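Each remark here refers to the structure printed beneath this line.
Written out as structure tokens, the structure is:
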């Protein structure tokens, strides 16, 4: 571009240099955030495990005690894999579990409840096994659940299968953690990999010893593959969902006979529906049962799903006696 405007003797050079300076400023800020995440090392040793039956990669990244950023639920990070052939690429992923933060009683996650298992135990389990690995938890890791498709996620899957260990650069966090623990009732409406949003909040919302937690938390999850749902429920959500204050409604839309057949099944407190979720009915029911309390609706999933959730909240506002807040998590990556 500079070559094109050079014939004007500098009259239009600003059209070139202004965006260049903006881009350089953005690169410098992102480099500072990467260094702030792990100040004494360029790159963080992480561990990835590929679950064959559910087609998901679990990426566990240790959070050092000297990190300048506190990992929070609902936020997302840009991940660069230094061992990848395209190590310059960075892709955003929503965190599925975060380490315990003892900063204040209002932010303590009880028992650390990362809902995810030690990555070394995962590596020692048999590939493709449906059995949950040993319940040895690592309190200093944040974890991501990534569905492998093409390009970067496909290469991440291959790295997880070949070695499992890799060095990554972490840029973040971005986004905001919502104060869901201040509501009387929280309803998650999610689709596919959007389940990581409620997963990251459940340790906070599932505390039994605190007075600042919701009386009821509902998860309405639309998913195509039963095997993926089984892995998430048994290995990641089982402990949290065994309490009376948490419920999971599972909407399986797969038309495949093989995939619709569950080998292990689900716990009795998981309600299965062989249909798509009726979002308006879910929101109406939650609003009616909340009476005069505070209700939070959190949507994360495909565009059609979050559009239905947003429209349902708008429709119920005029008829409901409760206070309703709507939160939407982006799902375009």
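Residue numbers (the UniProt record's numbering): 1 to 333. For each residue, glycine too, the CB sits at the ideal point set by N, CA and C. In this text the structure is predicted, and so the values were computed from the model without any measurement.
What residue range is occupied by the uninterrupted alpha helix (DSSP H) comprising residue i?
i	result
residue 33	14–37
residue 327	Taken as a continuous stretch (DSSP letters only), residue 327 belongs to no alpha helix (DSSP H), being part of the beta strand (DSSP E) at 323–329.
residue 228	226–232
residue 161	152–162
residue 45	Unbroken run through residue 45 is the beta strand (DSSP E), 44–51; no alpha helix (DSSP H).
Just to confirm, are residue i and residue j a CB contact at a threshold of 9 angstroms?
i	j	result
residue 56	residue 74	no
residue 44	residue 170	yes
residue 80	residue 145	no
residue 185	residue 217	yes
residue 174	residue 78	yes
residue 316	residue 279	no
residue 214	residue 296	yes
residue 60	residue 46	yes
residue 233	residue 267	yes
residue 287	residue 319	yes
residue 40	residue 91	no
residue 98	residue 63	yes
Where does the unbroken beta strand (DSSP E) through residue i begin, and where does it stop?
i	result
residue 198	Looking at the DSSP string, residue 198 is not in any beta strand (DSSP E); the run it does join, the alpha helix (DSSP H), is 196–205.
residue 59	56–62
residue 99	Residue 99 -> no beta strand (DSSP E), and no H or E assigned at all.
residue 222	216–223
residue 85	Looking at the DSSP string, residue 85 is not in any beta strand (DSSP E), and its letter there is neither H nor E.
residue 70	Taken as a continuous stretch (DSSP letters only), residue 70 belongs to no beta strand (DSSP E), as it is neither H nor E.
residue 191	185–191
residue 147	Taken as a continuous stretch (DSSP letters only), residue 147 belongs to no beta strand (DSSP E), as it is neither H nor E.
residue 140	Element bounds for residue 140: n/a, residue is neither H nor E.
residue 249	246–252
residue 169	165–174
Suppose the cutoff is 7 angstroms on Cβ atoms and the five residues either side in sequence are ignored; what does the same chain contact list for residue i look like?
i	result
residue 201	73, 74, 180
residue 205	180, 181, 186, 213, 214, 217
residue 27	none
By a C-beta neighbour count over all protein chains shown, 10 Å radius and 16 as the cutoff for buried, is residue i buried or exposed?
i	result
residue 322	buried
residue 176	exposed
residue 300	buried
residue 275	exposed
residue 31	exposed
residue 188	buried
residue 235	buried
residue 172	buried
residue 292	exposed
residue 68	exposed
residue 227	buried
residue 22	exposed
residue 336	The shown model of the chain, from 1 to 333, leaves out residue 336, and the question about it has no answer.
residue 149	exposed
residue 142	buried
residue 162	exposed
residue 18	exposed
residue 338	No information on residue 338 is available, as it lies outside the stretch 1 to 333 that the chain covers here.
residue 222	buried
residue 24	exposed
Leaving aside the five residues before and after residue i along the sequence, list all residues of the same chain whose C-beta is less than 6 angstroms from its C-beta, in chain order.
i	result
residue 302	191
residue 290	185, 322
residue 54	227, 228, 231
residue 34	169, 171
residue 294	183, 184, 323
residue 277	220, 222, 251
Leaving out five residues before and five after residue i in sequence, what residues of the same chain have Cβ atoms less than 8 angstroms from its Cβ?
i	result
residue 104	At residue 104, the pLDDT of 39 sits below 50, so the modelled position is not reliable; the number obtained from the coordinates is stated separately. Counting only Cβ-Cβ distances below 8 angstroms, and skipping sequence neighbours, we find nothing.
residue 85	155
residue 88	80
residue 247	216, 217, 218, 219, 241, 269, 271
residue 159	48, 81, 83, 84, 166
residue 51	57, 58, 128, 231
residue 273	249, 250, 251, 252
residue 328	298, 299, 300, 306, 309, 310
residue 36	67, 68, 69
Using a threshold of 8 angstroms, is the CB atom of residue i nearer than that to any non-hydrogen atom of the ligand PLP?
i	result
residue 32	The ligand PLP is absent from the structure shown, which contains no ligand whatsoever.
Q. Taking the runs of the alpha helix (DSSP H) that are 4 residues or longer, which of them lie wholly in the stretch 265–303?
A. 279–290
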